[in-house]
Each structure stands twice: as C-alpha cells, then as structure tokens.
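At position 48 of the sequence shown (counting the first as 1) the number is 48 in this note's numbering, and the numbers step up by one without a gap.
Note that the Cβ used here is the ideal one computed from N, Cα and C, for glycine as well.
These numbers were taken from a predicted model, which means no experiment stands behind them.
Okay, structure first, notes after.
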Amino acid sequence: MVDNNGTISVYERYNGSDLLLYQRFVPHLNIIERVNYPIWATIGLPGGLFSIYLWSSRPMRRGGSAAAAIYQACVGVVDVSFFIVYLFWYLHVAWMIPVLDNPGVCEIFPLFNYAIQYLSPMLTVVFTVERVLHDTTNKKQNTLQHLITNGPTLPNMEQLTQMQTLRATSMHQGDTYNRNVRSSTITLLCTSSYVVVAHLSVAIGVLIHNLLPAGNEYLTDEQIEQDPQWRTFFIFITVRTLIDSFSMTHYAVKFPIYLATSRQFRHEFSQLFGFTDCGGCIKCEKKQHLLTGDLIRQSSSASGVNPSVCQLRPTKHSTHLLMTEERDAAHLVGLPKEARRKQVYRAKDTLAPVQPRRRPSPGLTRSVIGVNGTRVPVTAKAYPGKNG
C-alpha cells in the first residue's frame, strides 16, 4: 500500500518508477502510449516492407539514382527493425507487461533500441554528406575540363550566346532518366527533412525537460495535485509525450512520402497489384491491354500490316510500352496510307518487346510478310556460276 506521509519522497512512495508516478498524476499519458504505437505500426510495418522490396528492385535502381535506391532500402530495413524492437518497450510501458524484467533481456534491449534509433539519423547524415561531396566533385571536374578545353573560346560572345540557347533548349527536352533522378532527389530531400525535424523536436524536448525542474518531492499526493510547479511539470510531460509520438511518425510516413513524390515508385507499387499508373489515375492493366490491342489491330488493318506483328505481350514492366503503342495507334487514324506504313515500320525499329521469331524446320515452305501484310512464299533463285 502506498504511504502518503509527507516526510517521504514522492519517488520513494512510488518505488522510483516514473510510470507509476505518471499513472497516478497524469493518467491520460497511458492512453497516448497505448494508442500511439498501434497506429504507426499499422502504417509503418507494411510500408517498410514494400519500400524494401521496391527500392531494392532492378527497375528502381536503374530508373534513377542507384545510390538513392540503396539508401532508401536500408532506411526501410531500419524502420521495420524499429517497430519490431519497440514492441517490447510498448508492452512494458503501456500495458505493464514485464517482458524486459528477465535476466539478460534488460541488458541487451537498450543496446538494440538505441542502436536502431541512432542508425536512422546516422544514415541520413552519411548519405547527405556523400551527395554533397559527389556534387561538389562533379562540379569541380566539369569546371576544370571546361576551362582546359574551352578556355581560348571564352571571350567569344557569339559562342556563349549559342551555348546559353542550347542549354535553355535542353532544359525543355523530356529526358526520362533526368526526370527520375530529379524525382529521387526530391524524395530524398523530403524524407531527410522530415527525419531532421522529428529528431530536432525530440532534442528540444529533452533539453527543456532537463532545464525544467519538478516540484517539491516531499509533498503529499493532494499537495502535489494543487502545486503550480508540479502542474506545470506534468503539462510539459504531456507535451513531451506528444512530441515523442510525433517523432515516431518518421518511421511510418516515409512510404506515403515515396508515393507522393516519386512517380516511378508509384508505378512500381501499382504493378504489384496488377494496376498501372496512367497520368494520375489508376486503371486496370488487363482492361488497358484489351483497349490497346483493339486500337493497334484497327490501325494495323487500316495500314495493311499484319496485326500479329504490332501486338505486344503484356508483362509486368511493359505497360508503358502498351501506352506508347496506344498513343501511336491513335495518331495513325488520320494519316495517309503511305504515311501510316512508314510510321508502323518506324515503330518496329524500336526496342519494344515483340514475339520471338522461330526458324522453320528443314523441308517446310519458307515465307515472308509482303508489303500488303500477306505471307508470300520464298522462291529459290538460280545464281550464275553455281550448279547443282
């Protein structure tokens, strides 16, 4: 039974446990602790697993910055590990389950808990420094090479004007790789900024907690409830608990940030469920393929080309090729016959996946596709000077 004698310290009355002290005077903190972890774990655990899988995939590494993709995958591993380790602390603090009171666990748990919490900002700092050094090195190399190769022509104002014109023109060109790199840079900037804000808020809360003293510890419970200094201290403890809850969000909101800032990440995520991201709206890939096939067959019939040549096989990473064929097929409707034929032949020279060609067995009649789209048998020609 708790002794309410005023000559005994309040910490001694509650066995030196802050949890018992806050449960007595600030009971709503327990509600915040119980609700906080399940909400963010529900978002962060599946989001972290999806982030690890997508950022470590080949399309994400080749579509933009490979270093950024590896960094985001490592951050996803840290986020998932945090929610797994923090589960023991959640059960111990929020539900008073003695999962950390066993011998060995009490000594090992702080090592993993603090290591994971400090690993996330450490990765952010290391990758930020690496990006800064990489950009600085590239700028120095480009400047030195430009001075060596183009130094004698620098005073020529006409060439400078032409270089500015070409640069302004190239900025408006749709380079897919550069867009993906810029998108990954924006994603990194958003995630890093959020991590910095979250950890900075915790640091400020800890600093104020160390500077703000508690009330007289030799008061009774009734006197502590009426003491202004203790009431101010408990209000700050409530604010700090909310700050700690906010700091936990950076382990969970990275996945929504990826979806909001990276178009390639949205595309790869939609591919996992058989959907395709088409200009902000998501359509079923199967329906998109059927519509694309109809347009291609109509345009192929109008141009006199065999439809089987223009069909694409629906694969996981070829939806953007189907969208390209649909756009090209729509542009062929109002063109003359000769122009349509040239457009179709030009499309065949691209790297779009087509059905593999199989060499016929010996003895079978060989045929080729003619200009009008029909198969024409190949006839043997007699060459002069070769008999038999």
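- Ile-369 is bridged by DSSP to Arg-375.
- Taking the Cα of Leu-211 as reference, the smallest distance to any Cα among Glu-268, Thr-232, Phe-50, Phe-112 is reached at Thr-232.
- Judged by DSSP in its simplified three-state form, Phe-275 adopts strand.
- For Glu-222 and Arg-24, the gap between their C-alpha atoms comes out near 11 Å.
- Exposure of His-28 is indicated by the presence of fewer than 16 other C-beta atoms within 10 angstroms of its C-beta.
- Note on geometry: alpha-carbon atoms of Tyr-53 and Asn-36 lie some 26 Å from one another.
- Counting only residues of its own chain and dropping the five nearest sequence neighbours on each side, Ala-198 has a CB closer than 6 Å to the CB of Ser-247, His-250.
- Two segments are said to touch when three or more pairs of C-beta atoms, one from each, lie closer than 8 Å; by this definition the region 92-104 does not touch the region 58-68.
- Taken through DSSP and simplified to helix, strand or coil, Ala-94 comes out as helix.
- Glu-130 and Val-239 have their C-alpha atoms spaced approximately 36 Å apart.
- In this structure Tyr-71 touches Phe-127 by the C-beta definition: roughly 5 Å separates them, less than 8 Å.
- Per DSSP, Tyr-258 is one residue of the alpha helix (DSSP H) stretching across 254-261.
- About 12 Å separates the Cβ atoms of Ser-120 and Val-202, ruling out a contact at the 8 Å cut-off.
- In the structure shown, Gly-47 falls within a helical segment according to DSSP collapsed to helix, strand and coil.
- The alpha-carbon separation between Gly-48 and Pro-377 amounts to approximately 58 Å.
- In the structure shown, Asp-101 falls within a coil segment according to DSSP collapsed to helix, strand and coil.
- If you check the CB distance, Phe-83 and Ala-41 come in under 7 Å.
- DSSP places Tyr-11 in the helix class (H, G or I) of the three-state scheme.
- For Met-60, same chain residues with a beta-carbon under 8 Å away, outside a window of 5 residues either side, are Leu-54, Ala-69, Gln-264, Phe-265, Glu-268 in chain order.
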